[in-house]
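A.B. asks: The working numbering puts the first residue of the sequence shown at 4, with every later residue one more than the last.
Don't be surprised by glycine CBs; every beta carbon is placed ideally from N, CA and C.
Treat the numbers as computed from the prediction; the structure is a model and nothing was measured.
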Amino acid sequence: MRRALMGFVLLVATTAPAFAQGGSPDIRITGQSRATLQLKRDILGVIAGYAKARHSCGTITAVETAPLPQGYEPKTAMFRVSEPKHFYERWVADLCGTKRDFLVALWPSPKGGTDYKAVEVPSGTEP
Numbered sequence: 004m005r006r007a008l009m010g011f012v013l014l015v016a017t018t019a020p021a022f023a024q025g026g027s028p029d030i031r032i033t034g035q036s037r038a039t040l041q042l043k044r045d046i047l048g049v050i051a052g053y054a055k056a057r058h059s060c061g062t063i064t065a066v067e068t069a070p071l072p073q074g075y076e077p078k079t080a081m082f083r084v085s086e087p088k089h090f091y092e093r094w095v096a097d098l099c100g101t102k103r104d105f106l107v108a109l110w111p112s113p114k115g116g117t118d119y120k121a122v123e124v125p126s127g128t129e130p
């Protein structure tokens, strides 16, 4: 499990800049989110890179976003963050015709802006 998480972190570092430079393709984003448009693009770039490596498909055609209730904390430790003022959103991405759930945590960055963590929630799993 730790190896998979490390691989995801590595993908964050390597794929986000490439996605951001090329701009996002036309992805239909619906629902509510506290993320700015640029932050959504950054997060989608990370999700696309992860999905390409994990599921051999990095094409996102649509994503549905929904904030989780204030004070929500995942039951499973690997989904949690401990940074102050964090909050969670559920993103459902349509990847090559398959809907995949992601738990996205966001929090204010000490350097300015927003930091985040996006983790796929396997089907049938309660984060």
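Please tell me whether Leu106 and Phe90 are closer than 8 Å, where the distance is taken between their beta carbons.
C.D. replies: As a position in the sequence shown, residue 106 is number 103, starting the count at 1. As a position in the sequence shown, residue 90 is number 87, starting the count at 1. It is not a contact, given that the beta carbons lie outside the stated cut-off.
A.B. asks: Our contact map puts Ala69 next to Glu86 with C-beta atoms below 8 Å; I'd like the distance itself, whole angstroms only.
C.D. replies: For this step, residue 69 is matched to residue 66 along the sequence shown. For this step, residue 86 is matched to residue 83 along the sequence shown. At roughly 21 Å, the Cβ-Cβ gap does not stay under 8 Å, so Ala69 and Glu86 are not in contact.
A.B. asks: Among the residues of its own chain, which have a CB less than 6 Å from the CB of Gly127, if the five just before and after it don't count?
C.D. replies: Working through the sequence shown from its first residue, we reach residue 127 at position 124. Excluding residues within five positions, none has a Cβ falling inside 6 Å.
A.B. asks: From Pro125 to Lys102, what does the alpha carbon distance come to, in whole angstroms?
C.D. replies: As a working note, residue 125 is residue 122 in the sequence shown. As a working note, residue 102 is residue 99 in the sequence shown. Annotation: Pro125 to Lys102 spans about 11 Å, alpha carbon to alpha carbon.
A.B. asks: Expressed to the nearest angstrom, what Euclidean distance is found between the alpha-carbon atoms of Pro130 and Pro77?
C.D. replies: For the purposes of this step, residue 130 is identified with residue 127 of the sequence shown, where counting begins at 1. For the purposes of this step, residue 77 is identified with residue 74 of the sequence shown, where counting begins at 1. Those two C-alpha atoms are separated by around 5 Å.
A.B. asks: Alpha carbon to alpha carbon, what distance is there between Leu40 and Gly115?
C.D. replies: Residue numbering aside, residue 115 sits at position 112 when the sequence shown is read from its first letter. Residue numbering aside, residue 40 sits at position 37 when the sequence shown is read from its first letter. For Gly115 and Leu40, the distance between alpha carbons rounds to 16 Å.
A.B. asks: What does the Cβ neighbour count give for Gly74, buried or exposed, with the cut at 16 atoms within 10 Å?
C.D. replies: Here residue 74 refers to the residue found at position 71 of the sequence shown. Looking at its Cβ environment, which holds fewer than 16 other Cβ atoms inside 10 Å, Gly74 is exposed.
A.B. asks: Here's the rule I'm using: 16 or more other beta-carbon atoms within 10 Å means buried, otherwise exposed. How should Lys120 be labelled?
C.D. replies: As a working mapping, residue 120 is identified with position 117 in the sequence shown. By the neighbour-count rule (16 or more Cβ atoms within 10 Å), Lys120 is buried.
A.B. asks: So, Leu42 versus Val66, is the Cβ gap smaller than 8 Å?
C.D. replies: Residue mapping note: residue 42 aligns to position 39 of the sequence shown, counting from 1. Residue mapping note: residue 66 aligns to position 63 of the sequence shown, counting from 1. No, they are not a contact pair.
A.B. asks: Assuming contact is defined by CB atoms lying nearer than 8 Å, are Leu98 and Ala38 in contact in what I supplied?
C.D. replies: On the sequence shown, residue 98 is found 95 positions in, with the first residue counted as 1. On the sequence shown, residue 38 is found 35 positions in, with the first residue counted as 1. The beta carbons of Leu98 and Ala38 sit no closer together than 8 Å.
A.B. asks: Thinking C-alpha only, which one of Thr117, Thr33, Pro72, Ala108 is nearest Ala80?
C.D. replies: In the sequence shown, residue 80 corresponds to position 77, counting from 1. Measuring from the Cα of Ala80, the nearest candidate turns out to be Ala108.
A.B. asks: May I ask you to list the residues that DSSP assigns as paired with Cys108?
C.D. replies: Counting from one through the sequence shown, the residue named residue 108 turns up at place 105. According to the sequence shown, residue 108 is Ala rather than Cys. The partner list for Ala108 (beta bridge, DSSP) reads Tyr91, Lys120.
A.B. asks: Which two residues bound the contiguous beta strand (DSSP E) that contains Ala65?
C.D. replies: Position 62 of the sequence shown holds residue 65. Its beta strand (DSSP E) spans residues 63 to 70.
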